[in-house]
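Asks: I have a structure here, written as structure tokens, and I will follow up with some questions on it.
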Amino acid sequence: MAGDNTYKDNDRIYATRVGLVNYDRRNIHVTALKAFYVPCVGDTVIGRITEVGIGGWMVDIKAPSLAVLRASDVLDRPFRPQRNDLPSIFNEDDLLIAQIVAYDRTRDPMLTVREPGLGKVTHGLIVEITPTKIPRVIGRQGSMINMLKQETGCRITLGQNGLVLISGKTLEDEQLAAMAIRKIEKESHTSGLTDRVTEMVRKEKGGVEHVTKEK
Amino acid sequence: MSRKKSKKSVDKDGLRADGRKPDGLRPVKLEVGVLGNADGSAYIEQGKNKILAAVYGPHELHPKHLAQPDRALLRCRYHMAPFSVDERKHPAPSRREIELSKVARWALEPSVFLEYYPRASIDVFTEVLQADGGTRCASITTASLALADAGIPMRDLVVACAAGKVDGQLVLDLSDVEDKKGEADVPVALMPNFNAITLLQMDGQLTSTEFGKALDLALDGCRQLYTLQKEALKSKYIAVKEEVEE
Numbered sequence: 022m023a024g025d026n027t028y029k030d031n032d033r034i035y036a037t038r039v040g041l042v043n044y045d046r047r048n049i050h051v052t053a054l055k056a057f058y059v060p061c062v063g064d065t066v067i068g069r070i071t072e073v074g075i076g077g078w079m080v081d082i083k084a085p086s087l088a089v090l091r092a093s094d095v096l097d098r099p100f101r102p103q104r105n106d107l108p109s110i111f112n113e114d115d116l117l118i119a120q121i122v123a124y125d126r127t128r129d130p131m132l133t134v135r136e137p138g139l140g141k142v143t144h145g146l147i148v149e150i151t152p153t154k155i156p157r158v159i160g161r162q163g164s165m166i167n168m169l170k171q172e173t174g175c176r177i178t179l180g181q182n183g184l185v186l187i188s189g190k191t192l193e194d195e196q197l198a199a200m201a202i203r204k205i206e207k208e209s210h211t212s213g214l215t216d217r218v219t220e221m222v223r224k225e226k227g228g229v230e231h232v233t234k235e236k
Numbered sequence: 069m070s071r072k073k074s075k076k077s078v079d080k081d082g083l084r085a086d087g088r089k090p091d092g093l094r095p096v097k098l099e100v101g102v103l104g105n106a107d108g109s110a111y112i113e114q115g116k117n118k119i120l121a122a123v124y125g126p127h128e129l130h131p132k133h134l135a136q137p138d139r140a141l142l143r144c145r146y147h148m149a150p151f152s153v154d155e156r157k158h159p160a161p162s163r164r165e166i167e168l169s170k171v172a173r174w175a176l177e178p179s180v181f182l183e184y185y186p187r188a189s190i191d192v193f194t195e196v197l198q199a200d201g202g203t204r205c206a207s208i209t210t211a212s213l214a215l216a217d218a219g220i221p222m223r224d225l226v227v228a229c230a231a232g233k234v235d236g237q238l239v240l241d242l243s244d245v246e247d248k249k250g251e252a253d254v255p256v257a258l259m260p261n262f263n264a265i266t267l268l269q270m271d272g273q274l275t276s277t278e279f280g281k282a283l284d285l286a287l288d289g290c291r292q293l294y295t296l297q298k299e300a301l302k303s304k305y306i307a308v309k310e311e312v313e314e
């Protein structure tokens, strides 16, 4: 059976993307090494406002189409165009953490920010990686992400669309986490990655502290 | 050159002006992911040809009225840099470049799963930095590689190669000189997994048997290039893997 990133033609299964092959009992999957984001209902994504419309915002979530965020979703009372000033809530180029509530082939994805943890991004560092590598950043049962959070002391928010928000106490902490995430992206197809990243983070952290001591 | 220039483009040893056999390709170098700002990119050096390809998308299409409700729009641009030929070329797209852009689109369209991304657009740019004959084929080969590098789902890579007739001799992968003094030129684009031809053109005159032979020659050239194409795609990742796991 043809699984993800594959297709069948005349009883032969071909890959549609460059990636790593996985066989489970009946399916053949290809884990793509590079892809773009395809929206999926329930995903948390990080996006940028590209346009403030009359009744809502258009948000770039790095998908084939822009996403819509309705004003009535953000305000808990009925939306009145005369009274509510949309740019004062979210303006162009603002970054958002949002969740996808509706999407299919015929319509553009619809977003919501009415859940805990969603809303405008006020501080932190954004790292962009290929969306297929988000599971690798999480690691098996969250091993990688928990290690990163622990070692760097940063809060890390993963957007399923490949944008990662890192917010920590100092810029150095954030940069260290960003460096680690870029390393994960680059070396995602190799084995023993968690150990190597842990080692790198510890080494770099030592380096940073050493420099501050010397001062 | 001090050597007396032979009238024949294929000498008595059966070798061509640049020392190739009649069925030999020019030396090819393929590279993937050369441009940081593009979603996908590739670069080819085939003989003296140097071509860059960049792919953006699938993304929101502007102007919106071009959007197709059932599939993505594939837009191609083939362009030659002013410095790519002996005499400066005017940078505006010429008739020929507009035609080749369209030809490249036709050659690539069957390979991409456009129906997965309705209303979106995928933009392909190929820029010829240095031209030495057979740029339409080389740019299709590169563009396909750039599409694959961008992570766009595809049925197969498209690979293109030309064959032709020079001084009554059928030869593969014509250079600029051979193309100009030759009698005929047959560019072919192929999806090797399906044995499906996505582009077939002919310029000049060939008998039907000659045409058959030229086509076979070109298809053979395509298959040779296909292995190089696949290697180029993989090598980007293998290099990282080797570096880490040494």
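Just so you know, the sequences run in chain order A and B. Taken in order, the first sequence gives residues 22 to 236; the numbers are from the working numbering. Taken in order, the second sequence gives residues 69 to 314; the numbers are from the working numbering. Note that CB positions come from ideal geometry on N, CA and C, so glycine has one too.
Look at residue 172 of chain A and residue 226 of chain A and say whether their C-beta atoms are less than 8 Å apart.
Replies: In this structure, residue 226 of chain A lies closer than 8 Å to residue 172 of chain A by Cβ.
Asks: Where does residue 31 of chain A land, buried or exposed, given buried means 16+ other C-beta within 10 angstroms?
Replies: Flag for residue 31 of chain A reads exposed.
Asks: Within the 8 Å Cβ cut-off, does residue 217 of chain B reach chain A?
Replies: Taking Cβ atoms only, chain A reaches closer than 8 Å to residue 217 of chain B, which makes this a yes.
Asks: Is there at least one Cβ from chain A nearer than 8 Å to residue 131 of chain B's Cβ?
Replies: False, the Cβ-Cβ gap to chain A never drops below 8 Å.
Asks: Please classify residue 131 of chain B as buried or exposed, where buried requires at least 16 neighbouring CB atoms within 10 angstroms.
Replies: Exposed, since its Cβ has fewer than 16 Cβ neighbours within 10 Å.
Asks: Between the alpha carbons of residue 162 of chain A and residue 287 of chain B, how many angstroms are there, rounded?
Replies: Near 49 Å, if we compare the C-alpha coordinates of residue 287 of chain B and residue 162 of chain A.
Asks: Does the beta carbon of residue 208 of chain A come closer than 8 Å to any beta carbon on chain B?
Replies: Interface residue, yes.
Asks: Are the beta-carbon atoms belonging to residue 143 of chain B and residue 217 of chain B less than 8 Å from one another?
Replies: The answer is no: Cβ separation not under 8 Å.
Asks: Helix, strand or coil for residue 127 of chain B per DSSP?
Replies: DSSP places residue 127 of chain B in strand when its eight states are reduced to three.
Asks: Give the list of continuous beta strand (DSSP E) stretches no shorter than 3 residues that lie fully inside the segment 150–231 of chain B.
Replies: Those beta strand (DSSP E) runs which fall completely within the segment 150–231 of chain B and span 3+ residues are 188–198.
Asks: Using only the alpha-carbon positions, how far apart do residue 94 of chain A and residue 140 of chain A sit?
Replies: Distance between the alpha carbons of residue 94 of chain A and residue 140 of chain A: 11 Å.
Asks: I'd like the span of the alpha helix (DSSP H) that includes residue 276 of chain B, first residue to last.
Replies: Its alpha helix (DSSP H) spans residues 276–312.
Asks: Helix, strand or coil for residue 96 of chain A, going by three-state DSSP, please let me know.
Replies: Note: residue 96 of chain A maps to coil in three-state DSSP.
Asks: When you compare each of A/214, A/106, A/36 and A/34 to residue 165 of chain A by their alpha carbons, which one comes out closest?
Replies: Ranking the options by Cα distance to residue 165 of chain A, first place goes to A/214.
Asks: Assign residue 171 of chain A to one of three DSSP states: helix, strand, or coil.
Replies: DSSP places residue 171 of chain A in helix when its eight states are reduced to three.
Asks: Could you list the residues in the segment 103–118 of chain A with a C-beta less than 8 Å from some C-beta on chain B, going in chain order?
Replies: Those would be none; no residue qualifies.
Asks: Is the beta carbon of residue 255 of chain B less than 8 Å from the beta carbon of residue 230 of chain B?
Replies: Against a cut-off of 8 Å, the Cβ pair of residue 230 of chain B and residue 255 of chain B comes out as a contact.
Asks: Using DSSP with H/G/I as helix, E/B as strand and the rest coil, what is residue 16 of chain B?
Replies: Outside the displayed range of chain B (69 to 314) lies residue 16 of chain B, so it cannot be described from this structure.
Asks: On the criterion of 16 or more Cβ atoms from any shown chain inside 10 Å, does residue 200 of chain B qualify as buried, or is it exposed?
Replies: Buried, by the Cβ-count rule.
Asks: Classify residue 195 of chain A as buried or exposed, calling it buried when 16 or more other Cβ atoms lie within 10 Å of its own Cβ.
Replies: When all chains shown are included, residue 195 of chain A counts as buried.
Asks: For residue 133 of chain B, does the three-state DSSP call read helix, strand or coil?
Replies: Helix at residue 133 of chain B.
Asks: For a contact defined as C-beta to C-beta under 8 Å, what are the partners of residue 39 of chain A on chain B?
Replies: Per Cβ cutoff of 8 Å: 216, 217, 219, 301, 302 and 305.
Asks: Between the Cα of residue 242 of chain B and those of B/80, B/89 and B/81, spot the shortest distance and give me the residue it belongs to.
Replies: Among B/80, B/89 and B/81, the Cα nearest to that of residue 242 of chain B belongs to B/89.
Asks: Consult DSSP for residue 74 of chain B and reduce its assignment to one of helix, strand or coil.
Replies: The pLDDT assigned to residue 74 of chain B is 49, lower than 50, so where the model puts this residue is not dependable, and the model offers no usable value.
Asks: How is the beta strand (DSSP E) around residue 109 of chain B delimited, first residue to last?
Replies: It spans 108–114 - the beta strand (DSSP E) in which residue 109 of chain B sits, taken as one unbroken run.
Asks: Write down the C-beta distance between residue 85 of chain A and residue 188 of chain B rounded to the nearest angstrom, noting that I regard them as a contact closer than 8 Å.
Replies: Yes, they are in contact, since the Cβ atoms of residue 85 of chain A and residue 188 of chain B sit about 4 Å apart, within 8 Å.
Asks: Excluding the five sequence neighbours on either side, which residues of its own chain have a C-beta within less than 8 Å of the C-beta of residue 165 of chain B, listed in chain order?
Replies: The residues are 146, 147 and 148.
Asks: Taking all protein chains shown into account, decide if residue 206 of chain A is buried (16 or more other Cβ within 10 angstroms of its Cβ) or exposed.
Replies: Buried is the call here.
Asks: Excluding five sequence neighbours on each side, which residues of the same chain lie with their C-beta closer than 6 Å to the C-beta of residue 49 of chain A?
Replies: Taken in chain order, the residues that qualify are 24, 27 and 34.
Asks: With DSSP as the reference, label residue 152 of chain A as helix, strand or coil.
Replies: Reduced to three states, the DSSP call for residue 152 of chain A is helix.
Asks: Does residue 59 of chain A come out as helix, strand or coil in the three-state DSSP assignment?
Replies: In the structure shown, residue 59 of chain A sits in coil (DSSP, three-state: anything other than H, G, I, E or B).
Asks: Could you give the DSSP three-state label for residue 184 of chain A: helix, strand or coil?
Replies: Strand, per DSSP.
Asks: In the structure shown, what three-state DSSP assignment does residue 218 of chain A receive?
Replies: Residue 218 of chain A falls in the helix class under three-state DSSP.
Asks: Mind checking whether the beta-carbon of residue 224 of chain A lies closer than 7 Å to any heavy atom of the ligand ATP?
Replies: No copy of the ligand ATP appears in this structure; indeed no ligand is present at all.
Asks: Taking just the CA atoms, how far does residue 67 of chain A sit from residue 233 of chain A?
Replies: Caution applies to residue 233 of chain A, whose pLDDT of 46 falls short of 50 and renders its modelled position unreliable; the model cannot decide the point.
Asks: Determine the closest residue to residue 46 of chain A out of A/63, A/39 and A/22, with distance taken between C-alpha atoms.
Replies: Looking at the Cα atoms, A/22 is the closest of the given residues.
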